[in-house]
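Each residue of the sequence shown is one higher than the one before, starting from 6 at the first, in this note's numbering. A virtual CB, placed ideally from N, CA and C, is assigned to each residue, including glycine. The structure appears right after this line, and notes come after that.
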Amino acid sequence: MARCTNSDHIILRRATISDASSLSSFAAHCFQETFGPESKPSDMEAYLAKAFSPAAQAAEIADSAAIVILALDDGTSDGQFAGYAHLIKHNTDMELKRLYVDAAWKGHGLAARLMGRIYEECRRCGADRLWLTVWTQNHRAIAFYDKVGFRVSGSETFMLGEGAQTDHVMEMAVPQVVTQISN
């Protein structure tokens, strides 16, 4: 994919069941792109097949506690995926389970736009706390989360096949006013 420079063509919308198959491919691509170089190939393959199958994506989209937000490039004929976010409501908390931006769109404000929409969804659902887990070696993501106000509050282990990875648990109070997030 060519390097993207104009996010004016990006539309954000909630996913529907009909998006499950294409989201499956895109989500697996993003996960592989982010974690593949540091993972055992057989562990990665098994995880991708389980976590990002069309059936798994359909179940996540259909989950009444979940919100899946797609970022689509409306400037392409087929509305190509540029990123996505997956939120899960837990009482008065919201978990940001996934936030991925395609490599071609990194550095162009798309993650900030998605965060703005995430805040809107949190407020709409009455969530007062937003939390996530992020691999301790994903320095770019950690820097972004720090920038938007998340703070490390703990750690947990994420198993990718036989490989154990340490993740930071990061959290923040949901902003109650609309904030502009810069690149």
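Identify every residue that forms a DSSP beta bridge with residue i.
i: residue 103; result: 91
i: residue 159; result: 174
i: residue 49; result: Per DSSP, none; premise fails for residue 49.
i: residue 138; result: 174
i: residue 85; result: 78
i: residue 164; result: 169
Is it buried or exposed for residue i, if we count other Cβ within 10 angstroms and need 16 for buried?
i: residue 73; result: buried
i: residue 99; result: buried
i: residue 15; result: buried
i: residue 116; result: buried
i: residue 182; result: exposed
i: residue 176; result: buried
i: residue 133; result: exposed
i: residue 97; result: exposed
i: residue 67; result: exposed
i: residue 65; result: buried
Using the C-alpha atoms, what's the distance from residue j back to residue i?
i: residue 92; j: residue 103; result: 7 Å
i: residue 149; j: residue 25; result: 27 Å
i: residue 159; j: residue 136; result: 11 Å
i: residue 30; j: residue 152; result: 29 Å
i: residue 167; j: residue 129; result: 39 Å
i: residue 23; j: residue 155; result: 33 Å
i: residue 163; j: residue 174; result: 11 Å
i: residue 47; j: residue 157; result: 31 Å
i: residue 178; j: residue 141; result: 21 Å
i: residue 71; j: residue 52; result: 21 Å
i: residue 79; j: residue 85; result: 7 Å
i: residue 180; j: residue 124; result: 7 Å
i: residue 8; j: residue 109; result: Bear in mind that the predicted position of residue 8 carries a pLDDT of just 45, short of 50, making it unreliable; the figure below should be weighed with that in mind. Each residue's alpha carbon lies about 5 Å from the other.
i: residue 5; j: residue 50; result: The structure shown has nothing for residue 5, since the chain only spans 6 to 188.
Can you look up residue i in the DSSP assignment and give me helix, strand or coil?
i: residue 18; result: strand
i: residue 26; result: helix
i: residue 133; result: coil
i: residue 7; result: Because the pLDDT at residue 7 is just 43, under 50, the model does not fix this residue reliably, and the value given afterwards should be weighed accordingly. Here residue 7 sits in coil by DSSP.
i: residue 169; result: strand
i: residue 182; result: coil
i: residue 98; result: strand
i: residue 70; result: coil
i: residue 149; result: helix
i: residue 57; result: coil
i: residue 34; result: helix
i: residue 113; result: coil
i: residue 121; result: helix
i: residue 154; result: coil
I think residue i touches residue j, with their Cβ atoms under 8 Å apart; what is that distance to the nearest whole Å?
i: residue 77; j: residue 63; result: 18 Å between Cβ atoms; not a contact.
i: residue 57; j: residue 36; result: 7 Å
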